[in-house]
Amino acid sequence: MNRRLLWMASAAMIAASGQAWAQAAPKSAEQNVALDEIVVTAQKREQNLQDVPAAVSAVTSEQLEARNVSQVTDVVRVSPSLTVTENTNATGNSINLRGIGTFSFSIGIEPSVAVVVDDVALLQQAQAFSGLNDIARLEVLRGPQGTLFGKNSAAGVINIVTQKPTKTLKGSVGGTLTSDGEKRVEGMVSGPISDKAGFRLNAFYGDRDGYIKNLNTGHKLNGERAYGVRGRLELDPTENLNISLTAAHTNTKTDGQVRTFQSIKPGASAFGAPLALSAVGLTPGDDNYKIRLDTEPKNTSKQTTLTSRVSLDLGGANLVSITGYQDWRFRFLEDLDTLGTPTLLNNADPTSILPKGSTAGGPFHSTNFSQELRLVSSGVRKLDYLFALFYANGDSNRSYARGPNAATSWAATAGTKTMAAFTQMTYHVGERTHLDGGLRFNHEEIQATFINTTPTASPPANNATCLSVCAGKSKDDHVTYKVALRQDLARDVMGYASFSTGYKGQGFDISTGFNPGRAANPVRPETSKAYELGLKSRILDRRVQLNVTGFLTDFTDFQAQGGVTQPDGTIVPQLSNVGALRSKGVEVEVSAKPVRALRIDASAAYTDATIREFANAPCYTGQTLAQGCRPVGSSSFQDLSGKTLANSPKFKYSLAGAYDVALPSMPFDGFVTAEYTHQSAVMLDLLGAPISRQKAYGVVNASIGVAGRDEDAYRVALFVNNLFDQHYATSLGYTGSSNAGGVAQLLPRNSRRYVGVRARMGF
């Protein structure tokens, strides 16, 4: 049905576009219907998006509002090769570009995709999942980044730019109400303090009911309550000096991200408890939004950021200093066995009853200080340049306990220091030919401590289980570079070819099972080599923008985590280096404005992200010898060479349209928007467990509303998300323990239909 709907919608849009072009050609009133230019700072200077020799998707604040993009997880709808893997709490989430993400839950591992907010990279990727508010522009840079951003990135960057103070006093208030119990209000005020100072202040508060019903208590889980505030002060003490100071704080509380039963085998049990007892009153399946839990999850996140940006115009160049400080605190509690009945601590001991089952949780705390100094050329010149120095010092600590009888508990710290010098230059060979070159020298120091605090642990020889502190440290130097050739083929048509290298630093696998061997041998750095060919064009009087990118990236020592079954039957993630993998494919992005009132955006990506070498990967739960699981001593391994990476759809595409309806007899105009996003089937587990396959699916969102004609006037929209109630999971795996016989799924909020009203009024 969804495929037929897509073809019908596509045909209707194409027909409407064709008719509009035919009618618009002779009308002088329509000669100004060109697409607006989008100015980005992906290369640390203001540039037209179409002049950047790299694969960049950019979304303006107006587009974010029109398409209801309010979370990082929504960005998958506006960038062709971006996916998000969600877990039971934000620390297990992963942002993936071209199939490459972070397959690790360790505080000692940096993300493959960096998230940068106002020029400052977040230390932990989990910090990005606190919502988007008062955003001016969002850029998705695909491929290795290191010669332009302070923090290195092996797979790409999400660059978030917040709104600046305005020259005149203005403000806005807005709110959202939805059928699934979301209530959100937000406000902003901005303007000048004097002729040399301005400010901007925005705040929000949101409260959303859960959508997973716990039959044991009647409570709804997966809800969220959040508030936040950001203040920005902009000073211009002299004509050539600008100072921007920003402070932000967010506080988020959620009822976790609980999993529900997708299937249960007859007679299945976990930890001595029949799974059927936890399924009374619910029907396992793709659309199961009910669960029985004896312990309800709780997550809390508090984040404070301080940023200073000072820019001095030297005449021909700008000297820019960026200072950032982050403090992020996170605490979680989850029902580890996902059951609603008493369980056994030890299956062999029928007296070891846990009345409330098994739980897991603990606090995280991360702080990070960063300083970047840039010298950036300005004006028209033969050689554009950027020289930069970067320093960052981050510390994280985490405590973990699995219980209630502290079956496993530990505490750990991780620290990282980064020092880098990097440069990028553009030499304008001629009016049409431009050569880019970039170089980065990176020095990193890491350290970790770990202590096993399990009270029942018996001390083995040589501190093998870290009952006293295990400590490790390491350092590494690495050079990355980029070269790109850009050729202006015609007016508004540019082609480019580039080669770049990426780097993701070494790290410690700080998780259950940490031992002196892990402390002495951190996971090796992850490196990449990326080849890219691209074409960027604006045609038909700039009414159509067509960008096409072909890419191939080879990764060496890719850092990945797989589940390893423990002696007590639980599955514990463990990190290792994948020998090699390759991501290749094609991305297409099209924007069209056939008439002033209609805008069409479409994107598509073909991605082939394949493991080329991973001979000693852990076996997935229940894997047999016939399925490729081979015993080696006391362990078992499988060869994942040739397998596809987790959550990497071969095909992903979206089609969106926005039409403004003129209502001359009314004090307002109307608008209609619709979008369809589709992705092919994926495996949600790196180890390839058959139960982790999510079939292909597509989601339709739409809205209709009215808006005042003035720029800062009101806007009211009635919207529906997931119009056809298409259920899908973002995580699939076994529940309880390795032999449970039950499959658990994580169903995100957008996996079911809800409607709402969104309103904003400016003043």
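Read in order, the letters of the sequence shown correspond to residues -22 to -1, 1 to 741 in mature numbering (1 follows the signal peptide of the UniProt record, and there is no 0).
We put the beta carbon where it would ideally sit given N, CA and C, even for glycine.
(1) What does the alpha-carbon distance come out to for the pair A462 and A587?
(2) For G557, does the three-state DSSP call read helix, strand or coil?
(3) Tell me the rounded alpha-carbon separation between F177 and V151.
(4) From the DSSP output, in three-state form, read off S256 for me.
(5) Any heavy atom of the ligand NAP inside 6 Å of the beta-carbon of F177?
(6) Is I87 helix, strand or coil when you go by DSSP?
(7) At what residues does the alpha helix (DSSP H) containing P494 begin and finish?
(8) From A636 to L576, what does the alpha carbon distance come to, in whole angstroms?
(9) Classify E212 as helix, strand or coil using the three-state DSSP reduction.
(10) So what's P262 in DSSP terms, helix, strand or just coil?
(11) What are the residues that DSSP puts in a beta bridge with R671?
(12) Hey, S336 and D315: beta-carbon distance below 7 Å or not?
(13) Between Q235 and Y189, what straight-line distance do the alpha-carbon atoms span, to the nearest angstrom?
(14) Where do the N-terminal and C-terminal ends of the beta strand (DSSP E) with S619 fall, by residue?
(15) I need the DSSP call for G165, collapsed to helix, strand or coil.
(16) Kindly indicate if chain D contains any beta-carbon less than 7 Å away from that of Y598.
(17) Work out the CA separation of A659 and G79 for me, nearest whole Å.
(18) Taking 7 Å as the cut-off, decide whether the C-beta atoms of E591 and A558 are in contact.
(19) Taking 7 Å as the cut-off, decide whether the C-beta atoms of I424 and I85 are in contact.
(20) Please work out which residues of its chain come closer than 8 Å, Cβ to Cβ, to N200, disregarding the five sequence neighbours upstream and downstream, and give them in chain order.
(21) Just the C-alpha distance for D703 and D264, rounded to the nearest angstrom, thanks.
(22) Out of curiosity, what's the CA-to-CA distance linking Q25 and V18?
(23) Ends of the alpha helix (DSSP H) at E43?
(24) Does DSSP put L(-18) in a helix, in a strand, or in coil?
(25) So for V733, helix, strand or coil by DSSP?
(26) Just the Cα atoms here: how many angstroms apart are D96 and T224?
(27) My assumption, with CB atoms under 8 Å, is that A593 sits in contact with S619. Please give the rounded CB distance.
(28) For K562 and T38, what's the separation of their Cα atoms in angstroms?
(29) If you count every other CB in all the chains shown that lies within 10 Å of the CB of V556, and 16 or more means buried, which is it?
(30) Please tell me whether D272 and G206 are closer than 7 Å, where the distance is taken between their beta carbons.
(31) Rounding to the nearest angstrom, what Cα-Cα distance links S387 and D313 in this structure?
(32) In whole angstroms, what separates the C-alpha of L101 from that of S90?
(33) Classify M166 as buried or exposed, calling it buried when 16 or more other Cβ atoms lie within 10 Å of its own Cβ.
(34) Take A475 and list the residues in its own chain whose beta-carbon comes closer than 6 Å to its own, dropping the five residues that flank it on each side.
(35) Tell me the rounded alpha-carbon separation between K453 and V564.
(36) By the three-class DSSP mapping on this structure, what secondary structure does G188 have?
Inspection of the coordinates gives the following:
(1) Position 484 of the sequence shown holds residue 462. Position 609 of the sequence shown holds residue 587. Those two C-alpha atoms are separated by around 23 Å.
(2) For this step, residue 557 is matched to residue 579 along the sequence shown. Strand.
(3) Residue mapping note: residue 177 aligns to position 199 of the sequence shown, counting from 1. Residue mapping note: residue 151 aligns to position 173 of the sequence shown, counting from 1. Taking the straight line joining both Cα atoms gives about 17 Å.
(4) On the sequence shown, residue 256 is found 278 positions in, with the first residue counted as 1. Note: S256 maps to helix in three-state DSSP.
(5) Of ligands this structure carries none, so the ligand NAP is not represented either.
(6) The residue labelled residue 87 in the question sits at position 109 within the sequence shown. Residue state, collapsed to three classes: coil.
(7) The count along the sequence shown starts at 1 and reaches residue 494 at position 516. Here the alpha helix (DSSP H) through P494 covers P494 to A498.
(8) As a first step, residue 636 is located in the sequence shown; it is residue number 658 there, counting from the start. As a first step, residue 576 is located in the sequence shown; it is residue number 598 there, counting from the start. Rounded to the nearest whole angstrom, the C-alpha separation of A636 and L576 is 6 Å.
(9) Locating residue 212 in the sequence shown gives position 234, where the first residue counts as 1. DSSP places E212 in strand when its eight states are reduced to three.
(10) As a working note, residue 262 is residue 284 in the sequence shown. Coil at P262, not helix or strand.
(11) Translated into the one-based positions of the sequence shown, residue 671 becomes position 693. Bridge partners of R671: M661.
(12) In the sequence shown, residue 336 corresponds to position 358, counting from 1. In the sequence shown, residue 315 corresponds to position 337, counting from 1. It is a contact, given that the beta carbons lie within the stated cut-off.
(13) To locate residue 235, count along the sequence shown from 1; it is residue 257. To locate residue 189, count along the sequence shown from 1; it is residue 211. The alpha-carbon atoms of Q235 and Y189 are separated by roughly 10 Å.
(14) As a working note, residue 619 is residue 641 in the sequence shown. Taken as a continuous stretch (DSSP letters only), S619 belongs to no beta strand (DSSP E), as it is neither H nor E.
(15) Locating residue 165 in the sequence shown gives position 187, counting from the first residue. Correct three-state label for G165: strand.
(16) No chain D appears in the structure shown, which is made up of a single protein chain.
(17) The residue you call residue 79 lines up with position 101 of the sequence shown. The residue you call residue 659 lines up with position 681 of the sequence shown. Using only the alpha carbons, I get a separation of about 18 Å.
(18) Position 613 of the sequence shown holds residue 591. Position 580 of the sequence shown holds residue 558. Taking 7 Å as the cut-off, the Cβ atoms of E591 and A558 count as close.
(19) Position 446 of the sequence shown, counted from the first residue, corresponds to residue 424. Position 107 of the sequence shown, counted from the first residue, corresponds to residue 85. In terms of Cβ geometry, I424 and I85 do not form a close pair [threshold 7 Å].
(20) Mapped onto the sequence shown, residue 200 falls at position 222. Only residues of its own chain outside the window of five on either side were considered, and among them G188, Y189, I190, T232, D233, G234, Q235, V236 and R727 have a CB closer than 8 Å to the CB of N200, listed in chain order.
(21) Position 725 of the sequence shown holds residue 703. Position 286 of the sequence shown holds residue 264. Spanning the two alpha carbons is a distance of roughly 12 Å.
(22) As a first step, residue 25 is located in the sequence shown; it is residue number 47 there, counting from the start. As a first step, residue 18 is located in the sequence shown; it is residue number 40 there, counting from the start. Spanning the two alpha carbons is a distance of roughly 6 Å.
(23) Counted from its first residue, the sequence shown places residue 43 at position 65. S39 to A44 is the extent of the alpha helix (DSSP H) around E43.
(24) In the sequence shown, the residue the question calls residue -18 occupies position 5. The predicted position of L(-18) is uncertain, since its pLDDT is 38 and thus under 50; no value can be drawn from it.
(25) Taking the sequence shown and counting its residues from 1, one reaches residue 733 at position 755. DSSP places V733 in strand when its eight states are reduced to three.
(26) Translated into positions along the sequence shown, residue 96 becomes position 118. Translated into positions along the sequence shown, residue 224 becomes position 246. Rounded to whole angstroms, the separation of the alpha carbons of T224 and D96 is 9 Å.
(27) One-based indexing of the sequence shown puts residue 593 at position 615. One-based indexing of the sequence shown puts residue 619 at position 641. About 7 Å separates the two Cβ atoms, so the contact holds.
(28) Numbered from its first residue, the sequence shown carries residue 562 at position 584. Numbered from its first residue, the sequence shown carries residue 38 at position 60. CA-to-CA, the gap between K562 and T38 works out to about 28 Å.
(29) For this step, residue 556 is matched to residue 578 along the sequence shown. V556 should be labelled buried.
(30) Sequence index remark: in the sequence shown, residue 272 carries index 294 (1-based). Sequence index remark: in the sequence shown, residue 206 carries index 228 (1-based). For D272 and G206, no; Cβs fall outside 7 Å.
(31) To locate residue 387, count along the sequence shown from 1; it is residue 409. To locate residue 313, count along the sequence shown from 1; it is residue 335. Their Cα atoms are separated by approximately 15 Å.
(32) Walking along the sequence shown from the start, residue 101 turns up at place 123. Walking along the sequence shown from the start, residue 90 turns up at place 112. Separation of L101 and S90 (C-alpha to C-alpha, rounded to the nearest whole angstrom) is 12 Å.
(33) On the sequence shown, position 188 is the one that residue 166 refers to. Residue environment: M166 is assigned as buried (16 or more neighbouring CB atoms within 10 Å of its CB, all protein chains considered).
(34) Here residue 475 refers to the residue found at position 497 when the sequence shown is read from its first residue. Around A475: L463 and L511.
(35) By one-based count along the sequence shown, residue 453 stands at place 475. By one-based count along the sequence shown, residue 564 stands at place 586. The alpha-carbon atoms of K453 and V564 are separated by roughly 37 Å.
(36) Walking along the sequence shown from the start, residue 188 turns up at place 210. DSSP, read as helix, strand or coil, puts G188 in coil.
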